[in-house]
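Residue 286 in this note's numbering sits at position 277 of the sequence shown, and the numbers go up by one each step.
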Amino acid sequence: MVHDFSRKREGRRLLTSLLAALNLVGVGTALAQDSLSQASIQAQQTQAALQQRIDDADDATREALQQLRQANQQADRLESYNAELAPIVDNQAKRIASEKQALTQINVTREALPGELRDMVEQLRAMIGADMPFLRDERLARVDDLEQMLSSDDASQADKLQRIFSAWRAELAYGREMDQWSGPLEGAQSDAASQGSQLAREVDYLRVGRTGWYYVTPNDRAGGVWSVANDEWEALNGDQISEVRRGIRIAQDQSAPALLHLPASLVVEDGQSAAEGQS
Numbered sequence: 010m011v012h013d014f015s016r017k018r019e020g021r022r023l024l025t026s027l028l029a030a031l032n033l034v035g036v037g038t039a040l041a042q043d044s045l046s047q048a049s050i051q052a053q054q055t056q057a058a059l060q061q062r063i064d065d066a067d068d069a070t071r072e073a074l075q076q077l078r079q080a081n082q083q084a085d086r087l088e089s090y091n092a093e094l095a096p097i098v099d100n101q102a103k104r105i106a107s108e109k110q111a112l113t114q115i116n117v118t119r120e121a122l123p124g125e126l127r128d129m130v131e132q133l134r135a136m137i138g139a140d141m142p143f144l145r146d147e148r149l150a151r152v153d154d155l156e157q158m159l160s161s162d163d164a165s166q167a168d169k170l171q172r173i174f175s176a177w178r179a180e181l182a183y184g185r186e187m188d189q190w191s192g193p194l195e196g197a198q199s200d201a202a203s204q205g206s207q208l209a210r211e212v213d214y215l216r217v218g219r220t221g222w223y224y225v226t227p228n229d230r231a232g233g234v235w236s237v238a239n240d241e242w243e244a245l246n247g248d249q250i251s252e253v254r255r256g257i258r259i260a261q262d263q264s265a266p267a268l269l270h271l272p273a274s275l276v277v278e279d280g281q282s283a284a285e286g287q288s
């Protein structure tokens, strides 16, 4: 009976050892499975992180390419803009250079201007003196005013120059205008002209530019044309007096413009005036 009991105890120990071994195997398997799960999770995390880095790199690359394309487009626009501005900049550079050169001459010009202004006034007086003597007192009075202005400090150099230019323009306009007025008969007369107009205190004048200057008496009985060559009035006949009167009406806008058949005050012969031929 004892012997049988021992066998039973050995059988129990063997069964216990076997169960313990099985438990150990189960625990090891569980640990191995846990380890594999952790490794799988870490691998997945690593792969996800790597994929994120790849995605970030792709985004950065696309952004860099977009910025590069924009930079190229901006460079093309700037190059085109610079090409358009090049001639403008070149012209401005030339203008600046010209203005600098003008500025260097401004002191010389300022010093020479008073003498130039006086020369212009003297030339104007000389021209009036050599011209037909129509409205001579009025024209010379304008020159006298200019000379007084030059001797005064009340006006600036620019104002003086402007007034001189204005006087010159007025003189030049006489050569393009047709004018009429009434006034006392002035100037020397030939014998034929004085016979008909010696009793006239006031006459009607007609001026056609600088080519013809005429007068007729109020009763149209006498008239004359100024002769530049002889520096005197020469008599007009009846038909010519009628033409002068018609010219006066045209100048007064009382008659339509028409061709006047009148002798000229300034006779041109062989390319020069009669007055120039005698000088």
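Yeah, the Cβ is synthetic: ideal placement off N, Cα and C, and Gly gets one too.
* Are Asp213 and Ser236 closer than 8 Å when you measure CB to CB? -> no
* Asked: How many Å lie between Gly280 and Arg255 at the Cα?
  -> Residue confidence is low: Gly280 scores 48 on pLDDT, short of 50, so the model does not pin down where it sits. Its coordinate-derived value is still stated next. Each residue's Cα considered, the two are about 30 Å apart.
* To do: Kindly provide the ranges of any beta strand (DSSP E) runs that are 3 or more residues long and lie completely inside the stretch 144-220, ordered along the chain.
  => 187-192, 212-217
* Ala260 beta carbon less than 8 Å from that of Asp188 -> yes
* Is Thr226 buried or exposed, if buried means 16 or more other CB atoms sit within 10 Å of its CB? -> buried
* Among Met141, Ser160, Ala267, nearest to Leu239 - alpha-carbon criterion -> Sequence check: residue 239 is Asn here, not Leu. Asn239 has its Cα closest to that of Met141, out of Met141, Ser160, Ala267.
* **Residue range of the unbroken beta strand (DSSP E) whose run includes Ser274** => Per DSSP, Ser274 belongs to no beta strand (DSSP E) and is neither H nor E.
* Asked: Which residues in the same chain as Ala231 place their Cβ atom closer than 6 Å to its Cβ, once the five residues preceding and following it in sequence are excluded?
  -> Gly205, Ser206
* Mark Phe143 as exposed unless 16 or more other C-beta atoms lie within 10 angstroms of its C-beta, in which case mark it buried. => buried
* Ordered along the chain, which non-local residues of its own chain (more than five positions away) have a Cβ less than 8 Å from that of Gly218? -> Tyr183, Gly184, Arg185, Glu186, Met187
* Taking DSSP as the reference, what is the three-state secondary structure of Ser236? -> strand
* Looking at Ser175 and Trp242, is the spacing between their C-beta atoms short of 8 Å? -> no
* Asked: For Ser89, which residues from the same chain have a beta carbon less than 7 Å from its beta carbon, with the 5 sequence-adjacent residues on both sides left out?
  -> none
* Asked: Given that a residue counts as buried once 16 or more other Cβ atoms are within 10 Å of its Cβ, and exposed if not, what is Arg210?
  -> exposed
* **As assigned by DSSP and simplified to three states, the class of Ala231** => coil
* For the beta strand (DSSP E) holding Ala244, just list the boundary residues, first then last. => 241-244
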